[in-house]
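S.K.: Below is the structure I would like to discuss, written out as structure tokens.
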Ligand SMILES: CC(C)(COP(=O)(O)OP(=O)(O)OC[C@H]1O[C@@H](n2cnc3c(N)ncnc32)[C@H](O)[C@@H]1OP(=O)(O)O)[C@@H](O)C(=O)NCCC(=O)NCCS
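In our numbering, the protein residues as written are 8 to 189.
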């Protein structure tokens, strides 16, 4: 699919439903094969609802970016400002201040076509503009596509953290990237 009018912008509250719709499509792709469908559905309903996105959009400690092709919302990222409070994550990271790339989702119609890289470049630029030294994220240890994607963009594996999905405990790799000095 050729992007006609690919661009990145900051979503508004009017995009909350579209963000939730896209998250519902892409979150299952980030989960390991062992995840229970009920747990995935519960997470989508509680953590990735339009209401949650409205809260994120109104939160000054979060920055969301959208990838659009014309009127279509095909991807989004969310940065969480501030150093992590989790002691395990903190001890894995080497550079502070840092910022979390907390969500990074692109519609499967656009995987493997470079659009995710466009969104990543804009996300890292937005991160760097806040004055931090580094960015970090967690991604499931079975999400090989995402791991390869992040490593391609300069992130390196620095640790492991656990992630609860329903009754299951999943393992996320912690990845860190040093941002260029400004
Ligand atoms: C993660 C995501 C943003 C990456 O976007 P993308 O367009 O798929 O990324 P790219 O195609 O540029 O890069 C993926 C790389 O993984 C490789 N890859 C794909 N499947 C793979 C697999 N099963 N094992 C190892 N590598 C794999 C691709 O070949 C490519 O590497 P290459 O460019 O060296 O050939 C996108 O796949 C996505 O939104 N996935 C669903 C949601 C998700 O997992 N988000 C991350 C949550 S932390």
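Backbone N, C-alpha and C fix where the C-beta goes; we use that ideal spot for every residue, glycine too. Since the structure is predicted, the reported quantities are computational estimates derived from the model, not experimental observations.
DSSP three-state call for residue 114: helix, strand or coil?
M.R.: Your numbering for residue 114 matches position 107 in the chain shown. Correct three-state label for residue 114: coil.
S.K.: Near residue 117, which residues of its chain fall below 6 Å by C-beta distance, leaving aside the five closest residues on each side in sequence?
M.R.: The sequence position of residue 117 within the chain shown is 110, counting from 1. So the qualifying residues of the chain are 81.
S.K.: Name, in chain order, the residues that DSSP records as bridge partners for residue 180.
M.R.: Position 173 of the chain shown, counted from the start, is the residue given in the question as residue 180. Answer by DSSP bridge pairing, in chain order: 146 and 167.
S.K.: How would you write the range of the alpha helix (DSSP H) that residue 126 sits in, first residue to last?
M.R.: Residue 126 sits at position 119 when you count from the first residue of the chain shown. 122-136 is the extent of the alpha helix (DSSP H) around residue 126.
S.K.: Judging by CA-CA distance, which residue of 60, 147 and 180 is the nearest neighbour of residue 172?
M.R.: Residue numbering aside, residue 172 sits at position 165 when the chain shown is read from its first letter. Cα-wise, what sits closest to residue 172 is 147.
S.K.: At a cut-off of 6 Å, would you count residue 155 as near ligand 1, judging by its Cβ distance to the nearest heavy atom?
M.R.: Working through the chain shown from its first residue, we reach residue 155 at position 148. Within the cutoff, so yes.
S.K.: Measure the Cβ-Cβ separation of residue 32 and residue 74 and say whether it is below 7 Å.
M.R.: Taking the chain shown and counting its residues from 1, the one referred to as residue 32 is at position 25. Taking the chain shown and counting its residues from 1, the one referred to as residue 74 is at position 67. No, the Cβ-Cβ distance between residue 32 and residue 74 is not below 7 Å.
S.K.: Could you give the first and the last residue of the continuous beta strand (DSSP E) run that contains residue 82?
M.R.: For the purposes of this step, residue 82 is taken as residue 75 along the chain shown, with counting starting at 1. Note, residue 82: beta strand (DSSP E), 79-88.
S.K.: Under the three-state reduction of DSSP, which class applies to residue 139: helix, strand or coil?
M.R.: Taking the first residue of the chain shown as 1, we reach residue 139 at position 132. Of the three classes helix, strand and coil, the one that applies to residue 139 here is coil, per DSSP.
S.K.: For the alpha helix (DSSP H) holding residue 24, just list the boundary residues, first then last.
M.R.: As a working note, residue 24 is residue 17 in the chain shown. Looking at the DSSP string, the run of the alpha helix (DSSP H) that includes residue 24 is 23-37.
S.K.: What residue does the alpha helix (DSSP H) around residue 50 start on, and which one ends it?
M.R.: In the chain shown, counting from the first residue as 1, residue 50 sits at position 43. It spans 44-54 - the alpha helix (DSSP H) in which residue 50 sits, taken as one unbroken run.
S.K.: Is it buried or exposed, residue 187, if we count other Cβ atoms within 10 angstroms and call 16 or more buried?
M.R.: One-based indexing of the chain shown puts residue 187 at position 180. Exposed.
S.K.: Is any non-hydrogen atom of ligand 1 found closer than 6 Å to the C-beta of residue 118, if you look at the structure I gave you?
M.R.: Locating residue 118 in the chain shown gives position 111, where the first residue counts as 1. Yes, ligand 1 has a heavy atom inside 6 Å of this Cβ.
S.K.: What is the C-beta distance between residue 84 and residue 103, in whole angstroms, given that I count them as a contact (C-beta under 8 Å)?
M.R.: The sequence position of residue 84 within the chain shown is 77, counting from 1. The sequence position of residue 103 within the chain shown is 96, counting from 1. Actually they are not in contact, since the Cβ atoms of residue 84 and residue 103 sit about 21 Å apart, beyond 8 Å.
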